[in-house]
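A short worksheet on the structure shown next.
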Amino acid sequence: MKRVASGVVRGLLSLSVALLVCAAVFVGVARELVYQVDDFQAELVGFVNERTDFALELESITGSWSGLAPRFSLRGVALRLAQSETPPLHIDKLDLEILLLRSLVNLEPRLRLRVAGANGHAWYQDNHLVLSGFDGLTQSDASEADSTEQGESDQTLLDLILAQPRIEFSDSAIRIEGLYPEPVLLGVHRFRTEAGKRRRYLLGEFTADGPSKIRFELKGKVSGSVFQQGSLSGGLYAQVDNADWLPWVPAAKRGIASASLANLNGGGRFWLNFSKGEIKEILSDVQFSNIELETSNEIKPPHILNL
């Protein structure tokens, strides 16, 4: 019995050593390939374009290695869905870190993404916001079955992206048309989202430049899927700097009884709590100044200095 046990132990030890040696060889070879990734850039881009639903172009790529996480730095990236005929999303620099152990545990890619200098174009179509290069995500196919299958595939893809441990954007912008007569430029000074054990945490600073210029900060924590109805829960906090809000209010909605707004400046803080896809509570601490009303009759409306 002792001989059998001893043989089993020796066999397990030998197997462990063999696996460790294979892992070391694999890591060593992979490390060298990562550092030389720029030598086969064309083959890598071709592989991505053939095996995924994306069309990728890039100017350069470099690789490095830290622990068990290969890192890649891509410059001059242009990305769109393969079936899209609209201009792609342009990114000046994209840093990508592949977390091998987390990927093995989850049986799905787990990455840290850092995007700098992204520039995109979007527009409203059929009450949906369409991003240039990714317009296939909102277009319905002629066949309802195909449309359902494609929709589920797109939602799975986007949920997979949102499931990554960390995603960061900086110095980026998206130009939105169709929301107002003039385009709205949404600037992303910094935005970071990290995945915890149960929730995803958000932090960002933005500027909306359209009818007027508004700067705001956003913090929050959410759980659930953005695309699965009734699953999203969490809370958001927004702090808005003082700005001129009147140009953002449609002319048809500026009327108050027999008067209409002529000036509206202010800022504030907002708290939004939601559960299972429904808004449960909205709190606000708003301060408006220099509120002016105008009327078509002889009665002069009040001029509110602070509210």
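Just so you know, we're using my numbering here: the sequence shown kicks off at -8 and counts up by one.
Even glycine gets a Cβ: it sits at the ideal position worked out from N, Cα and C.
{"Item": "Same chain, Cβ closer than 8 Å to LEU122, five either side skipped, listed in chain order", "Value": "LEU80, GLY111, HIS112, ALA113, LEU128, ILE165"}
{"Item": "Identified DSSP bridge partners for TRP262", "Value": "TYR228, LEU274"}
{"Item": "GLU173, DSSP secondary structure in three states", "Value": "coil"}
{"Item": "Per-residue burial, GLN74 [other beta carbons within 10 Å of its own, 16 or more giving buried]", "Value": "exposed"}
{"Item": "Other residues of its chain near LEU90: CB distance less than 6 Å, five sequence neighbours each side excluded", "Value": "ALA60, ARG101"}
{"Item": "LYS244 (DSSP reduced to helix, strand or coil)", "Value": "helix"}
{"Item": "Beta-carbon contacts of ILE273 that lie in its chain and below 6 Å, excluding the five residues immediately before and after", "Value": "LEU263"}
{"Item": "Exposed unless 16 or more other CB atoms sit within 10 angstroms - verdict on LEU85", "Value": "buried"}
{"Item": "GLN32, DSSP secondary structure in three states", "Value": "helix"}
{"Item": "Other residues of its chain near LEU120: CB distance less than 6 Å, five sequence neighbours each side excluded", "Value": "ALA113"}
{"Item": "Distance, PHE63 Cα to VAL39 Cα", "Value": "15 Å"}
{"Item": "From LEU65, GLU99, LEU92, SER163, residue whose alpha carbon lies closest to that of HIS180", "Value": "SER163"}
{"Item": "Cβ distance (whole Å) where SER222 is taken to contact LYS267 below 8 Å", "Value": "7 Å"}
{"Item": "For ASP30 and GLY2, the rounded distance between their alpha carbons", "Value": "Only weak support is given to the placement of GLY2: the predicted model assigns it a pLDDT of 40, under 50, and the value that follows is read from those uncertain coordinates. When rounded, the distance between both Cα atoms is 41 Å."}
{"Item": "Short Cβ contact (8 Å threshold) for GLN278 with GLY257", "Value": "yes"}
{"Item": "Limits of the unbroken beta strand (DSSP E) element including ARG105", "Value": "102 to 116"}
{"Item": "Alpha helix (DSSP H) runs wholly inside the segment 36 to 96, at least 4 long, in chain order", "Value": "none"}
{"Item": "Anticipated Cβ contact below 8 Å, ASP83 with GLY108, distance rounded", "Value": "3 Å"}
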